[in-house]
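Undergrad:
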Ligand code: ADP
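Residue numbers (my numbering): 2 to 635.
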């Protein structure tokens, strides 16, 4: 095939622009990314060699600097790429979430960009931080196609042409920028490889140039990386630093993990596992398919896949690590692997272990656990919703802010129940967009007066989760914004008497409000939950909550219009005034305005936007005029 020049996909051009034109302090990671790609390529070909022995070879990654020409070459005898694979893999980014990712990069401090590049899985392009021209020569293993050369200066285009390589694999030659010549130094290369790639199982060799008698000759030095599969070693022999480095290698993330879980399972499934709970949540733009590839599966030290969906349930996708099985069959295709009963056994064992370790962190170091929950609580909640078998254990891992905690402080369900005063029968919660909105909600008034605490649920997922928890420790979970509260006999009778009396007293006013607001309201009644506000909106016990309706709207999902109940506070002076007005002027058109204002107020306290805010503010202005005039005795 002939030489051709192609334009990079727009997204790649934007990315390269950011990579090339910013100044970074941590450029070293380009080598980590290229070595990781080389190791992946070898993993792939070594897996293929299980069924195609012709592909067997001594796997190796070679790093070769050429000081004279300022070139740094990284080569592997891995799977290689065909011409079309090359065009697809390097030149386009076909991932969901790329747009969001790019805009995050643009907003981000430039110093973080290299890390983000690795995490998003576009690490190859980081090489343009140090190189002003890159050549890739690659040949696909097991294909008759000729090798291909790819050359680019990282501007808007690249050229692609046939090349002469006869062995499969890939070599990447970087033309280093003038200020990046330090990457030609042996010590520098060794330092970076040791730091980031020590655990790569394939040998990483350094080839230097030695001055011979007449000409320079290349000289292979001892292997740089220790190739230690640390997950196979007893935990007592592995240092914290080694765990940290290995975590960095797995996650492309230069940070301490929050927790490591290193153990050997025996019995129904035999495997060794080294798992990490990250210290920080992945970026929101990470697409679900990327989040899925948390665990690397090995079978007797042979890398099989980094995407075996059955290995962990989806809600634990934030866990990174390695599982090395000693009883799964090696000659199994990746496609049917996840149906192997052995995988399910590993899955069960891992889930049990992860939950137990999180519980132990919860018990031993609450502060650390809380910081975990802040970032990963929504995954635990997903588990409560989806993992029926472990639901009870997961429930004990939940944390909530409450009406009585200060902002940012949380309690568990167990702690909540322990603190319930004797008269409280249910666990109360209230869901809404923010703590501020909830703190001021009229739904809390009565509960507050009784010293009953209320769990605050401010994440969209809470609405779903709470439906999976009808009760905890024998106590019903009850929305403060729905139905009637279950109270002790005395309080209940008092409340009922009061509301009954109010209903009789204000019968005609209630009838009027109901009639006038019938398009929006299902019922008007006197409330037992209000002590300060004049009114609020309440949902029926089994209706979706106001928050749920809001979430559906935000997702652009259709939901039938829910008519709520308008509850009135029998003790509020506004009700008495309206009654007076009604008795004197039952036909006055102002009554309709008052009714609408009352309903608008109830909407506003729920954080629901008004359909006609202009009308509302005009009416409030008029009422203010009346109020002010009467203040000054006009
Ligand atoms: P990632 O490796 O995270 O997928 P990169 O941008 O680093 O992202 O690489 C893009 C793709 O190019 C890889 O997924 C792989 O398919 C291909 N690739 C990169 N380097 C090599 C290599 N040395 N050998 C074979 N394929 C490679």
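Where is the CB? At the ideal position from N, CA and C, for every residue including glycine.
Using three-state DSSP, classify residue 458 as helix, strand or coil.
TA: strand
Undergrad: Could you say which of 392, 194, 456 lies nearest to residue 316 if we only look at CA atoms?
TA: 392
Undergrad: According to DSSP, residue 500 sits in a beta bridge with which residue or residues?
TA: Under the DSSP definition of a beta bridge, residue 500 lacks any partner.
Undergrad: Contact check, residue 359 vs residue 398 under 8 Å by CB: the rounded distance?
TA: 6 Å
Undergrad: Does DSSP classify residue 180 as helix, strand or coil?
TA: helix
Undergrad: Could you check what DSSP says for residue 91 in three-state terms: helix, strand or coil?
TA: If DSSP states are grouped into helix, strand and coil, residue 91 belongs with coil.
Undergrad: Ignore the nearest five residues each way along the sequence and tell me which others in residue 286's own chain have a CB closer than 7 Å to its CB.
TA: In this predicted model, residue 286 has a pLDDT of only 47, less than 50, meaning its place in the structure is not dependable; the value taken from the coordinates is given anyway. Around residue 286: 98, 101, 102, 105.
Undergrad: Considering only their Cβ atoms, is the gap separating residue 128 from residue 175 smaller than 8 Å?
TA: yes
Undergrad: With a threshold of 8 Å, are at least 3 pairs of Cβ atoms found where one atom belongs to the segment 217–237 and the other to the segment 75–90?
TA: No contact exists between the segment 217–237 and the segment 75–90.
Undergrad: Quick check: the segment 302–321 against the segment 32–49, are at least 3 beta-carbon pairs closer than 8 Å?
TA: These segments touch.
Undergrad: With a threshold of 7 Å on Cβ separation, who are the neighbours of residue 579 within its own chain once the five nearest residues in sequence on each side are excluded?
TA: So the list reads 510, 595, once near-sequence residues are dropped.
Undergrad: At which residues does the alpha helix (DSSP H) containing residue 31 begin and terminate?
TA: 30–49
Undergrad: First and last residue of the beta strand (DSSP E) that includes residue 538?
TA: 536–539
Undergrad: Tell whether a beta-carbon distance below 8 Å holds between residue 224 and residue 205.
TA: Yes; because the gap between Cβ atoms is below 8 Å, this pair is in contact.
Undergrad: With a floor of 3 residues, list each beta strand (DSSP E) that falls wholly inside the segment 227–292, ordered by position along the chain.
TA: Counting only runs of 3 or more, we get 260–266, 272–278.
Undergrad: Expressed to the nearest angstrom, what Euclidean distance is found between the alpha-carbon atoms of residue 307 and residue 200?
TA: 16 Å
Undergrad: Which runs of the alpha helix (DSSP H) spanning at least 4 residues fall entirely within the segment 157–229, listed in chain order?
TA: Runs found: 187–198.
Undergrad: Return the CA-CA distance between residue 39 and residue 483, expressed in angstroms with no decimal places.
TA: A direct Cα-to-Cα measurement between residue 39 and residue 483 gives close to 58 Å.
Undergrad: Under 8 Å by Cβ, that's how I've got residue 347 and residue 230 pegged, so tell me the actual separation to the nearest angstrom.
TA: Between residue 347 and residue 230 a beta carbon distance of about 17 Å is seen, past the 8 Å cut, so the two are scored as non-contacting.
Undergrad: So, for residue 114: in the same chain, excluding its five sequence neighbours on each side, which residues have a beta-carbon less than 8 Å away from its beta-carbon?
TA: 19, 20, 23, 25, 106
Undergrad: Do the segment 257–277 and the segment 234–248 make contact, defined as three or more Cβ pairs closer than 8 Å?
TA: As far as the Cβ criterion goes, the segment 257–277 touches the segment 234–248, which means the pair count is three or higher.
Undergrad: DSSP has residue 566 in a bridge; who is on the other side?
TA: 524, 539
Undergrad: How far does the beta strand (DSSP E) with residue 324 in it reach, from first residue to last?
TA: 321–326
Undergrad: List the endpoints of the continuous alpha helix (DSSP H) containing residue 483.
TA: First-last for residue 483: undefined, no H or E at that position.
Undergrad: Here's the rule: buried if 16 or more other CB atoms are within 10 angstroms of the residue's CB, otherwise exposed. What is residue 337?
TA: exposed
Undergrad: Do you know how far the Cα of residue 141 is from the Cα of residue 69?
TA: 30 Å
Undergrad: With residue 76 as the anchor, note down where its beta strand (DSSP E) starts and where it stops.
TA: 72–77
Undergrad: Tell me, please, whether the segment 593–609 touches the segment 536–546 by the rule of three or more beta-carbon pairs shorter than 8 Å.
TA: Segments in contact, yes.
Undergrad: I need the straight-line Cα distance from residue 609 to residue 404, nearest angstrom please.
TA: 21 Å
Undergrad: Tell whether a beta-carbon distance below 8 Å holds between residue 524 and residue 566.
TA: With contacts defined by Cβ atoms closer than 8 Å, residue 524 and residue 566 form a contacting pair.
Undergrad: Check whether the Cβ of residue 320 lies closer than 7 Å to any heavy atom of ligand 1, and answer yes or no.
TA: no
Undergrad: Just mark residue 151 as buried or exposed, buried being the case when its beta carbon has 16 or more other beta carbons within 10 Å.
TA: In this structure residue 151 is buried. Its beta-carbon is surrounded by 16 or more other beta-carbon atoms within 10 angstroms.
Undergrad: May I ask which residues mark the beginning and end of the beta strand (DSSP E) holding residue 298?
TA: 296–300
Undergrad: Going by the CB atoms, is the gap between residue 355 and residue 394 shorter than 8 Å?
TA: Cβ distance not < 8 Å, so residue 394 and residue 355 don't count as in contact.
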